[in-house]
Every structure is written in structure tokens, then in C-alpha cells.
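Asker:
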Amino acid sequence: MNREDGNGDSGVRASLDDIIGIESIKLGFFKEVQKTINELKASNIELERKRRDVQDILNGIPDVVAVVSREYKVLSVNSAFYETYGSRDPIGLPCYRVFKGGDKPCSPCPLLMAREEGRKVCRQLQIMNIDGENRQIECSATLMPGTGDAPGKVLLLHRDVTVEKQYQAKYFQAERMATVGVLAEGVAHEINNPLTSIRGFAEALHGHLDRLGTCLKDGEPCNGLLETFEEYLDIVLQECNRCSEIVQNLLSFGHRDVRSMAIVNINNIIVNCLKLLQPRLASLPNGIIGLDLSEEEPCLMGHPGELMQVALNLIVNALYEVRDTGGTIRISTSVTGSMIQLRVSDTGKGFEPEDAEKLFQPFFTTKPAGQGIGIGLSTCYNIIMKHGGEITATSEPGKGAVFEVILPRLEE
């Protein structure tokens, strides 16, 4: 009986131990679950804090920022969007409808270009109508990381550069007019020569009028006089055409309409620049400038006046470097594939290596005080960039400098 009672107590204790063990396991599990829940809550709080921080950063950006899906749907925007485009909700709408009111993607589409070309950033200048006014918007598209092989979302940034472009246009025009002032003496000299010829032949013709009148009155032959009149008038017309060409070159250079694009032959640009600079070159040694112009026409679609401004700046700068040293200048053009190359080199004093990156910055100059304000090369840089090209400068101090311009060739 006692043995049985003892066995019964052992069974009860075993059952209790099992129950306690199971409950302990449950308690430990619940503690782990509670710990995980607390960690998730803390993680969610931290994620929400970071999300707010990111949104605050985006809202602090004065430019319009939007995240766009692969299907061109706007997923999120910053506060600058509402300040620029009004209170309408863009979420879920196609970006081309939101920004341009269109029913299909823009052409060219910065998002599509960023995806297809695998480029991180794709900038496009677009005209957008905001509050009834056309504004110039610089559009940047940055490809965001995706999952697997699927392309990610795109981060769009819209920056209103209307005022900047307006000031830039005025800046270009001011520099162009300053260069026109430099050329004024040469143009006056160039026009004065044919005008002197025109005056001389006009006076000679006037002197022959009495003889012509007498011959006609007396019925005498006047073939010789008529030949003289014809010869002199031909010369007068030639000199008038020469004046017209000089004025046309200057008008082309000073033309304000930057939208006036045309087919431009860089060889012709160089020749016209040298014509305008002829009076200045006349006071320098013969052969100071050597030309090596491409036999294959280096043509591109561009603005003649602006490209002439670039060439003039480079040539005038080279003349400044060699004017007192007896050095020389070499101007060459070449065509390689789809690119045009213009090189202007001189044997002047050159510039220091540390100045190479500063040359194209506004108001940087290596000239002594009072001999330059440093906007010529920065203007050249902006013009070349606008034409889809690039400009570089290299130098070995004491041995001169080389300026190289690369421009896209006009496709045949």
C-alpha cells in the first residue's frame, strides 16, 4: 500500500514537472515574442523617424522632387511641388499629365533616357506652362536601384532656371557687345578703304559727265567714255559689296536671337574672324598666324554669331600672348567621324597647371589688372556646352597654350 502510494506521488510529481516545463517554455516563448514585438515597435518608430527626416530633407529642397514608377506614375512629391504646381494631388497620375498636361510621355523623355542608357542622371531643358507663363525647367532624372533585373523607380528633379537663363542671355550679349567694341576700330578701317575707292571713282565719273554731255550734244562717238563709265561703275559695285560683306559679318556676330540656328562652316567662321581682325594683324609681323583648315567641310548646326564669338575670343587671347614676344599662332580645323575639332595654339608664356581648371570660371583672368575681367573664356565655355561640345586648355609654362574645341558634326 505504501509502495503504491509512493508510486502515485511520483506520477503526480512527474505530471507537475511536465506542466511546469511546458509552461516555462511557453513563458520563454511569450517573452521572446514580446521582446521581438518591442524591437519591431522600436524599429518602426526609428523607421518612421527616418522617413520623416527624409521627407523633411526633401521638403527643404526648393526644387520640385518627385518619385516616379516604371509606369510613369507619380508615387511621391515634396512640398515644393505644391508651391509650384498648386494644391492638386499628383499621386498615382502619369508624370507627363502632371507636369505638361500631355496624354503621352514627353519627347525626349528624361526618364526613358535614364533607363535605356543606364545613366544615373539625364538633364533636359524643357518649356513648361506654370500659372499661364512659359518657364524654362531643367529636368534631372536619376535612376534608383531596383530589385533583380527589374529597373527601379526614377527620382525626378525640376529646377526653374528661367531667370538664370535670362541673365545668362544678357551676360552673353554683354560679352558679345564688348567684343564688338574691340572690333569697331577694325571694322571702321575695313569700311573706310572701299569708301575711299567709291569716292574716288564717283568723283572721276562726275568729271567725265561734262565730256559725255558734249559728245552726246555734238553727236560725236563716245564709246571710250561709256567703257570708262562701265569700268568705274563695276568697281564701285564691287566696293559696295565689300562694305556689305563686312557689315554682314558684324551683324552676324552681334545677332541677339540665340534661337536663330543655321548650318555653320567653322572654316568660314575662322576666315571671317581674320577679316575683322585684319587692321590689328596689319601692325604685327607677317606670318604670325598659320592656318591649317580642313579640306572636308567642318559643318554643324549652330548659332553663327556665338560660334564667331568663341573663335574671336580664342584668337584675340592668342594675339595678346604673342604680341610682344615674336611668337606665332596656329589655327587648325579637322573632321574625325562625327566630331569637328578646332585648335588655337600659341607660343606665348602659357599658364600654370593649377590655373587650367579655373580658366573657364567667370571673372578669372591671368592678365594684369586692367587688361581683362575674365568673362571671355567662361562665355566660350557656356556657348560650346550649349552646342553639345566641349572646350579644353593645355599648357606648358613658358612654351605657350593650346585651346581645343570639339563640336558635333552635322550629319549628312
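Numbering (UniProt numbering), first residue to last: 1 to 412.
Just so you know, even glycine gets a beta-carbon here, dropped at the ideal spot from N, CA and C.
For Ile269, is the classification buried or exposed, using 16 other Cβ atoms within 10 angstroms of its Cβ as the cut-off for buried?
Answerer: The residue is buried, with at least 16 neighbouring Cβ atoms inside 10 Å.
Asker: Quick one: what's Glu157 bridged to in DSSP?
Answerer: The question names Glu, but residue 157 is Leu in the sequence shown. For Leu157, which the question treats as bridged, DSSP gives the partners Val65, Ser140.
Asker: Out of curiosity, what's the CA-to-CA distance linking residue 450 and Met144?
Answerer: In the structure as shown, the chain begins at 1 and stops at 412. Residue 450 is therefore absent and cannot be evaluated.
Asker: Please report the residue range of the beta strand (DSSP E) in which Ser334 lies.
Answerer: 329–336 is the extent of the beta strand (DSSP E) around Ser334.
Asker: To the nearest angstrom, report how far apart residue 416 and Arg159 are at their CA atoms.
Answerer: Since the first and last residues shown for the chain are 1 and 412, residue 416 lies out of range.
Asker: Can you look up Phe30 in the DSSP assignment and give me helix, strand or coil?
Answerer: Correct three-state label for Phe30: helix.
Asker: CB Leu342 to CB Ile266, shorter than 8 angstroms?
Answerer: A contact, by the Cβ cut-off of 8 angstroms.
Asker: Among the candidates Val64, Leu93, Leu75, whose CA atom is the shortest distance from the CA of Phe81?
Answerer: Ranking Val64, Leu93, Leu75 by Cα distance to Phe81 puts Val64 first.
Asker: With a threshold of 7 angstroms (Cβ to nearest heavy atom), would Leu212 be considered close to the ligand SAH?
Answerer: Questions concerning the ligand SAH fall outside what the structure shown contains, since it holds no ligand whatsoever.
Asker: Would you report the Cα separation of Ser378 and Asp355, rounded to the nearest angstrom?
Answerer: Approximately 14 angstroms between the Cα atoms of the pair.
Asker: Only counting runs of 4 or more residues, tell me where the alpha helix (DSSP H) segments fall wholly within the stretch 269–351, in order along the chain.
Answerer: Runs found: 278–282, 304–322.
Asker: Looking only at C-alpha atoms, which of Glu404, Leu276, Gly326, Val154 sits nearest to Pro285?
Answerer: Comparing Cα positions, the closest option is Gly326.
Asker: Classify Ile91 as helix, strand or coil using the three-state DSSP reduction.
Answerer: If DSSP states are grouped into helix, strand and coil, Ile91 belongs with coil.
Asker: Residue range of the alpha helix (DSSP H) that Phe81 falls in?
Answerer: Start and end: 79–85.
Asker: Return the first residue and the last residue of the beta strand (DSSP E) that Leu407 is part of.
Answerer: Here the beta strand (DSSP E) through Leu407 covers 401–408.
Asker: Once the 5 residues before and after Glu296 are set aside, which same chain residues still bring their CB inside 6 angstroms of it?
Answerer: Correct list, in chain order: Val335.
Asker: On the DSSP bridge list, what partners appear for Asn265?
Answerer: Note: Asn265 sits in a beta bridge opposite Cys299.
Asker: Given this structure, state the Cα-to-Cα distance separating Thr36 from Thr142, to the nearest angstrom.
Answerer: Cα to Cα, Thr36 sits roughly 37 angstroms from Thr142.
Asker: Measuring straight from C-alpha to C-alpha, what distance separates Arg97 and Lys104?
Answerer: Rounded to whole angstroms, Arg97 to Lys104 spans 8 angstroms at the Cα level.
Asker: On the criterion of 16 or more Cβ atoms from any shown chain inside 10 Å, does His387 qualify as buried, or is it exposed?
Answerer: Buried.
Asker: What did DSSP end up calling Glu71 once you bin it into helix, strand or coil?
Answerer: Of the three classes helix, strand and coil, the one that applies to Glu71 here is coil, per DSSP.
Asker: Please classify Gly86 as buried or exposed, where buried requires at least 16 other C-beta atoms within 10 Å of its C-beta.
Answerer: By the 10 Å Cβ count, Gly86 comes out exposed.
Asker: Which class does Leu233 belong to by DSSP, given the choice of helix, strand or coil?
Answerer: Here Leu233 sits in helix by DSSP.
Asker: Just verifying my parser: in three-state terms, what is the DSSP assignment at residue 416?
Answerer: Nothing about residue 416 can be reported from this structure: the residues present for the chain run from 1 to 412 only.
Asker: Look at Val163 and Val68 and say whether their C-beta atoms are less than 8 angstroms apart.
Answerer: Cβ distance not < 8 angstroms, so Val163 and Val68 don't count as in contact.
Asker: Whose CA, out of Glu46, Gly305, Leu111, lies closest to the CA of Ile263?
Answerer: Answer by Cα proximity: Gly305.
Asker: Go ahead and pull the three-state DSSP assignment for Ser244.
Answerer: Correct three-state label for Ser244: helix.
Asker: Which class does Ser107 belong to by DSSP, given the choice of helix, strand or coil?
Answerer: Reduced to three states, the DSSP call for Ser107 is coil.
Asker: Taking its Cβ as the centre, do 16 or more other Cβ atoms sit within 10 Å of Leu58, making it buried, or is it exposed?
Answerer: By the 10 Å Cβ count, Leu58 comes out buried.
Asker: With distance defined between alpha-carbon atoms, name the residue in Val54, Phe229, Pro279, Phe99 nearest to Val74.
Answerer: Of Val54, Phe229, Pro279, Phe99, the residue nearest in Cα terms is Phe99.
Asker: Spatial neighbours of Leu205 within its chain, please: C-beta separation below 6 angstroms, excluding the five flanking residues on both sides.
Answerer: Hits under 6 angstroms: Tyr232.
Asker: Per DSSP, Gln126 is paired with what?
Answerer: In the DSSP output, where bridge partners are listed per residue, Gln126 has Ile137.
Asker: So is Glu321 buried or exposed if we call it buried at 16+ other beta carbons inside 10 Å?
Answerer: Glu321 should be labelled buried.
Asker: Between the Cα of Gly389 and those of Glu117, Glu396, Pro408, Leu293, spot the shortest distance and give me the residue it belongs to.
Answerer: Nearest option by C-alpha distance: Pro408.
Asker: Since Val405 contacts Ile384 with CB under 8 angstroms, what's their CB separation in whole angstroms?
Answerer: Sure, about 6 angstroms apart at Cβ, within 8 angstroms.
Asker: Looking at the structure shown, is Glu220 part of a helix, part of a strand, or coil, going by DSSP?
Answerer: In this structure, Glu220 counts as coil in the three-state DSSP scheme.
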